[in-house]
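*Asks:*
There are 4 protein chains.
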Amino acid sequence: MSKEIVQDRFNKLIERANPSDLATIERLLKGIERQVEEPKQSWLSSLFDLHTDISEESLKMTIPISEITHNSLGILHGGMTTTLIDSAMGTMANKLAKEGFAAVTTQLNIHFTAPGIGKNVTADVHIIHHGQTTMVLGSSAKLENGKQIAYATASFAFIPKSW
Amino acid sequence: MSKEIVQDRFNKLIERANPSDLATIERLLKGIERQVEEPKQSWLSSLFDLHTDISEESLKMTIPISEITHNSLGILHGGMTTTLIDSAMGTMANKLAKEGFAAVTTQLNIHFTAPGIGKNVTADVHIIHHGQTTMVLGSSAKLENGKQIAYATASFAFIPKSW
Amino acid sequence: MSKEIVQDRFNKLIERANPSDLATIERLLKGIERQVEEPKQSWLSSLFDLHTDISEESLKMTIPISEITHNSLGILHGGMTTTLIDSAMGTMANKLAKEGFAAVTTQLNIHFTAPGIGKNVTADVHIIHHGQTTMVLGSSAKLENGKQIAYATASFAFIPKSW
Amino acid sequence: MSKEIVQDRFNKLIERANPSDLATIERLLKGIERQVEEPKQSWLSSLFDLHTDISEESLKMTIPISEITHNSLGILHGGMTTTLIDSAMGTMANKLAKEGFAAVTTQLNIHFTAPGIGKNVTADVHIIHHGQTTMVLGSSAKLENGKQIAYATASFAFIPKSW
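So the protein lines, in turn, are chains A, B, C and D. Take 1 as the starting number for the first sequence in UniProt numbering and just add one per residue. Take 1 as the starting number for the second sequence in UniProt numbering and just add one per residue. Take 1 as the starting number for the third sequence in UniProt numbering and just add one per residue. Take 1 as the starting number for the fourth sequence in UniProt numbering and just add one per residue.
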């Protein structure tokens, strides 16, 4: 599609969007703007408005809960919780990888402990095992009120970056 | 934002988008159109262009692999593979739930067996255990060429829908 | 078999046992004595010389590592580590169950992080989620020198004891 | 202990054993005889009377369910089910390992789907992923009547045998 066609289709879509759709489209528009203006490492990060809070000692990632993270029951999709946790853990694992190596998730186990109903969800990360070629990390995902909605552990393998 | 402001911001964004961004925005636009015109059970389904192939005997779900499903390494994000698998399993579990009950994922374990590099990925679902109050399902996610990229099992609990 | 036959077969077995076998048989004999003289809740506990260290706040279980806990590679069998952890978690879960209810393990995920080579292994237990009908517990298994050899999480369901 | 002391303590133990204990001791005696007369790869295999049924295409392992495999609720201990499954999978993984390499379990996830009440339990094994340096296997554990009591998947790493 040419730029004109994209603009035209979007403008027509907005004309017939209901207020609820409009709010969601506005949210997505902001996500697209973020990625076009200041590209993050992935579109997913920009679209879901992922925020990272990283320090020497800890790492936390947060996403807002909204229409675009919901499942068909109208609550946070477990896959989105997993995406948040895997992103947080993966970032930590890559931070800890030796020079020239990347960390990839080989396995992840997650317990869903409460429905994800709230404004946003934050995943922290802790180290369970830091080996030469593999790593095991743990992560707890909590709502803004501190309620834990999921706990996960995952295995990472370090592979040469030339891969 | 008013409809005019949304349109205006989008139109300006398109002006400065590079060809790669434009292709991704076009993909997202189509996802938004799908949800506005014929709402699916979730925005996630429309945005990621989830297709369900369901019969008496089996259930498969497919999503295209693209910029919007990538992680920071430029391959399919493990969280997206998990979202696909959890959606497929959840749909199957709810199909099998008794009247008045919904199925929720209480735990999911996934093995990532190959990098998700390809055009699309499809998850099938099989029953491991069908109990009175709980269920265990298995799912294999494969690329269009048949290559398996993940295998997962998950626990579901049946809860009254009034919940 | 009559008592006399059992004694006779055992006595003949001891005659031809080599020193290494004799040491293991001695270990097993002590386990059998423990269960006959002061029955524990299970033969497994007595045979593997399981010790429980329980207080208001915490719970730990320890077993010696020996010939009878080894796998074919001559190190602690992963199944034995899992048995220890599941016993510790199960004891904790049942301690926390409401009157009239028992806790059963519905799922367990374990990461093996180092080979189990040492004198004994101890599993502690912590609560990840304490719900109305389910519980998620975590457990770390460590050698006597503090080296962690495994980390596990498990799901428990509370069921009426009449079951 | 000298051979005489071991014999003496055992003989006295038998004198005061009740019929139920005697039956269990008889079972253990047979396990000890098996290991002394024809050592298996591990004492665990002999004590729990593990049988392996292996062919070009498949691998199954069976253990009898008895007092010595029970948990405190009087049914098959989940740790024993896991030991059986891990043994079966580990045997398969080592069979498939390249010359000079051994396979070790790095992670195992198990779903317990029914109580282990019966005469014996058999675990079969299937390959989920066969990679260069890692492997994922699946296993179903069933009672003699075909009832599935557990399903597990596990990750294996191939390591040089010199390790």
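Beta carbons: idealized from backbone N, C-alpha and C, even for Gly.
Does DSSP classify N109 (chain C) as helix, strand or coil?
*Replies:* Three-state DSSP puts N109 (chain C) in a strand.
*Asks:* Please confirm whether Q132 (chain B) has its beta-carbon closer than 8 angstroms to some beta-carbon of chain D.
*Replies:* It does not: the Cβ of Q132 (chain B) has no partner Cβ on chain D nearer than 8 angstroms.
*Asks:* When the Cα atoms are used, what is the spatial distance from V136 (chain C) to A93 (chain C)?
*Replies:* Rounded to whole angstroms, V136 (chain C) to A93 (chain C) spans 9 angstroms at the Cα level.
*Asks:* Quick one: is H126 (chain B) buried, meaning 16 or more other Cβ sit within 10 Å of its Cβ, or exposed?
*Replies:* Classification of H126 (chain B): exposed, given that the 10 Å Cβ count is below 16.
*Asks:* Can you find a CB in chain C that lies within less than 8 angstroms of the CB of H70 (chain A)?
*Replies:* Answer no: the Cβ-Cβ gap between H70 (chain A) and chain C never drops below 8 angstroms.
*Asks:* Rounding to the nearest angstrom, what Cα-Cα distance links K119 (chain A) and N145 (chain A) in this structure?
*Replies:* Distance between the alpha carbons of K119 (chain A) and N145 (chain A): 9 angstroms.
*Asks:* With C-beta atoms as the reference, is M61 (chain C) less than 8 angstroms away from H51 (chain C)?
*Replies:* Cβ distance < 8 angstroms, so M61 (chain C) and H51 (chain C) count as in contact.
*Asks:* Short of 8 angstroms in beta carbon distance, which residues of its chain neighbour I149 (chain C), apart from the five on each side in sequence? Order them along the chain.
*Replies:* Correct list, in chain order: L76, T81, F112, T113, A114, P115, G116, V121, A141, K142 and L143.
*Asks:* The UniProt domain "Thioesterase" (74-148) of chain D: which residues have C-beta closer than 9 angstroms to a C-beta of chain A, in chain order?
*Replies:* Those would be T106, Q107, N109, T133, T134 and V136, in chain order.
*Asks:* Would you please verify whether the beta carbon of M61 (chain B) is less than 8 angstroms from any beta carbon of chain A?
*Replies:* It does not: the Cβ of M61 (chain B) has no partner Cβ on chain A nearer than 8 angstroms.
*Asks:* Among B:S42, B:P39, B:I25 and B:S2, whose alpha-carbon lies nearest the alpha-carbon of A23 (chain A)?
*Replies:* A23 (chain A) has its Cα closest to that of B:S2, out of B:S42, B:P39, B:I25 and B:S2.
*Asks:* Between F10 (chain B) and chain A, is any beta-carbon pair separated by less than 8 angstroms?
*Replies:* Answer yes: the Cβ-Cβ gap between F10 (chain B) and chain A drops below 8 angstroms somewhere.
*Asks:* Look at V104 (chain C) and L29 (chain D) and say whether their C-beta atoms are less than 8 angstroms apart.
*Replies:* Not a contact, by the Cβ cut-off of 8 angstroms.
*Asks:* Using CA coordinates, which residue listed in D:S46, D:K147, D:L47 and D:F156 is at the minimum distance from I128 (chain D)?
*Replies:* Of D:S46, D:K147, D:L47 and D:F156, the residue nearest in Cα terms is D:F156.
*Asks:* So is D86 (chain B) buried or exposed if we call it buried at 16+ other beta carbons inside 10 Å?
*Replies:* Flag for D86 (chain B) reads buried.
*Asks:* Check L84 (chain D) in the structure and name its three-state DSSP category.
*Replies:* DSSP places L84 (chain D) in helix when its eight states are reduced to three.
*Asks:* What does a CB cutoff of less than 6 angstroms around A123 (chain C) pick up in its chain, not counting 5 residues either side in sequence?
*Replies:* The answer, listed in chain order, is M61, L84, I85, A88, S139 and A141.
*Asks:* For the alpha helix (DSSP H) containing Q132 (chain C), name the first residue and the last one.
*Replies:* Here Q132 (chain C) belongs to no alpha helix (DSSP H), and DSSP marks it neither H nor E.
*Asks:* Helix, strand or coil for Q148 (chain A), going by three-state DSSP, please let me know.
*Replies:* Strand, per DSSP.
*Asks:* Leaving aside the five residues before and after residue 184 (chain D) along the sequence, list all residues of the same chain whose C-beta is less than 8 angstroms from its C-beta, in chain order.
*Replies:* The shown model of chain D, from 1 to 163, leaves out residue 184 (chain D), and the question about it has no answer.
*Asks:* Tell me whether K161 (chain D) sits in a helix, a strand or coil according to DSSP, three-state version.
*Replies:* Residue state, collapsed to three classes: coil.
*Asks:* Run through chain A and tell me which residues come within less than 9 angstroms of L47 (chain B), C-beta to C-beta.
*Replies:* Ordered by position in chain A, the residues that pass the 9 angstroms Cβ test against L47 (chain B) are L28, L47 and I68.
*Asks:* Assuming the contact rule is C-beta atoms closer than 8 angstroms, G31 (chain B) and L47 (chain B) should be a hit. Round their C-beta distance to whole Å, please.
*Replies:* Rounded, the Cβ-Cβ distance is 4 angstroms, consistent with contact.
*Asks:* On the three-state DSSP scale, how would you describe M61 (chain A)?
*Replies:* If DSSP states are grouped into helix, strand and coil, M61 (chain A) belongs with the strands.
*Asks:* Can you name the start and end residues of the beta strand (DSSP E) that I54 (chain A) belongs to?
*Replies:* From DSSP, the beta strand (DSSP E) with I54 (chain A) extends over H51 to I54.
*Asks:* Between R34 (chain D) and chain C, is any beta-carbon pair separated by less than 8 angstroms?
*Replies:* By this cut-off, R34 (chain D) is not an interface position.
*Asks:* If we cut at 8 angstroms on Cβ distances, does residue 167 (chain A) have a partner in chain B?
*Replies:* The first residue shown for chain A is 1 and the last is 163, placing residue 167 (chain A) beyond what the model contains.
*Asks:* DSSP three-state call for F156 (chain A): helix, strand or coil?
*Replies:* If DSSP states are grouped into helix, strand and coil, F156 (chain A) belongs with the strands.
*Asks:* For S42 (chain D) and S72 (chain C), I'd like the C-alpha separation in whole angstroms.
*Replies:* Straight-line Cα distance between these residues: approximately 5 angstroms.
*Asks:* Can you tell me whether D21 (chain C) is buried or exposed? The criterion is at least 16 other CB atoms within 10 Å of its CB, across all chains shown.
*Replies:* Its Cβ being crowded by 16 or more others within 10 Å, D21 (chain C) is buried.
*Asks:* So which residues of chain B does S42 (chain C) contact, with C-beta pairs closer than 7 angstroms?
*Replies:* Here the premise fails: no neighbours, minimum Cβ distance about 26 angstroms.
*Asks:* Please confirm if residue 164 (chain C) has its CB atom under 8 angstroms from at least one CB of chain D.
*Replies:* With chain C represented from 1 up to 163, any question about residue 164 (chain C) goes unanswered, as that position is not in the structure.
*Asks:* Any beta-carbon of chain A closer than 8 angstroms to the one on I14 (chain B)?
*Replies:* Output row for I14 (chain B): interface = yes.
*Asks:* By DSSP, does N120 (chain B) sit in helix, in strand, or in coil?
*Replies:* Here N120 (chain B) sits in strand by DSSP.
*Asks:* Less than 8 angstroms between CB atoms is the rule here; does S155 (chain B) satisfy it with respect to chain C?
*Replies:* At least one chain C Cβ lies under 8 angstroms of S155 (chain B).
*Asks:* Considering only residues of the same chain and omitting the five flanking positions on each side of D53 (chain C), which have a CB-CB separation below 6 angstroms?
*Replies:* Correct list, in chain order: K60.
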